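Peer 1:
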Amino acid sequence: PAYRAEKNVAPDSRIETYVAAKLGIDNWRWKGVPFYLRAGKRLPRRMSEIAIAFKSVPHSIFIPLLPEDLSPNVLVLNVQPEEGVALTIQAKQPGAKLCMGDLTMKFNYRDVFGGEPPEAYERLLLDCMLGDQTLFLREDTIEVAWSLLAPVLDAWSRADEERAGPLYPYRAGTWGPEEADALPGRDGREWRAP
20 PAYRAEKNVA
30 PDSRIETYVA
40 AKLGIDNWRW
50 KGVPFYLRAG
60 KRLPRRMSEI
70 AIAFKSVPHS
80 IFIPLLPEDL
90 SPNVLVLNVQ
100 PEEGVALTIQ
110 AKQPGAKLCM
120 GDLTMKFNYR
130 DVFGGEPPEA
140 YERLLLDCML
150 GDQTLFLRED
160 TIEVAWSLLA
170 PVLDAWSRAD
180 EERAGPLYPY
190 RAGTWGPEEA
200 DALPGRDGRE
210 WRAP
């Protein structure tokens, strides 16, 4: 069932269970680079990844293929549950005919080093006890995050749809509402299929 259909949840609840956003970084290095984020509860599976889709080429060296015939190269940093890195590039398939296809090179920590890495909180608690702050966020990072999120959370808590934007329901076991699927589509992009 959807969140609003659960026992003890108001049918008009505005509790945030999913977010999809397009963000940008206001500096010379990242000018014009969109960052699409989505997170939610009761999605098909628990996972965290960062997928970097490289720019498509403006022209193709593979005649007669056009740039739109080629998929962009994608670097995926898998945070959980399968920690590792994957790089997908376009490669010519063997043979006389020019056929391009995706080639994925993968690195998985468990396969290379054996065993499972410690759970995130295991590592965090151990580092805390040892006084090692290497993996902790700095105070200024936390302050910036709250300065971005606090106005949205405040608007939602006041049920101020005009300021917070509408909430779109979605079915449990899906990747979110259909409206979220359209977000990267406005820029001619799409969510990466997990």
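Going by our numbering, the letters in the sequence shown line up with residues 20 to 213, in that order.
Note that beta-carbon positions come from the ideal geometry of N, C-alpha and C, so glycine has one too.
Note that the structure is a prediction, hence the values are computed from the model and not measured.
Could you tell me whether the segment 195–206 touches the segment 51–66, using the rule of 3 or more Cβ pairs below 8 angstroms?
Peer 2: Result yes; three or more Cβ-Cβ pairs closer than 8 angstroms.
Peer 1: In chain order, what residues of the same chain have a beta carbon less than 6 angstroms from the beta carbon of Ile192, not counting five sequence neighbours either side?
Peer 2: Here the sequence assigns Gly to residue 192, which means Ile is not the residue at that position. Pro63.
Peer 1: In the DSSP assignment, find the alpha helix (DSSP H) that holds Val28 and state where it starts and stops.
Peer 2: Val28 -> no alpha helix (DSSP H), and no H or E assigned at all.
Peer 1: With DSSP as the reference, label Leu202 as helix, strand or coil.
Peer 2: helix
Peer 1: With a threshold of 16 other CB atoms inside 10 Å of the CB of Leu143, please say whether the residue is buried or exposed.
Peer 2: exposed
Peer 1: State buried or exposed for Tyr140, treating a residue as buried only when at least 16 other CB atoms are found within 10 Å of its CB.
Peer 2: Exposed: under 16 other Cβ atoms inside 10 Å.
Peer 1: For Phe126 and Gly103, I'd like the C-alpha separation in whole angstroms.
Peer 2: Going by the C-alpha atoms only, they are around 5 angstroms apart.
Peer 1: Could you check where the beta strand (DSSP E) with Thr107 kicks off and where it finishes?
Peer 2: Gly103 to Lys111
Peer 1: Count the other C-beta atoms from every protein chain shown that fall within 10 angstroms of the C-beta of Gly195, then say buried if there are 16 or more, exposed otherwise.
Peer 2: buried
Peer 1: Mind checking who Ala40 pairs with in its DSSP beta bridge?
Peer 2: Leu56
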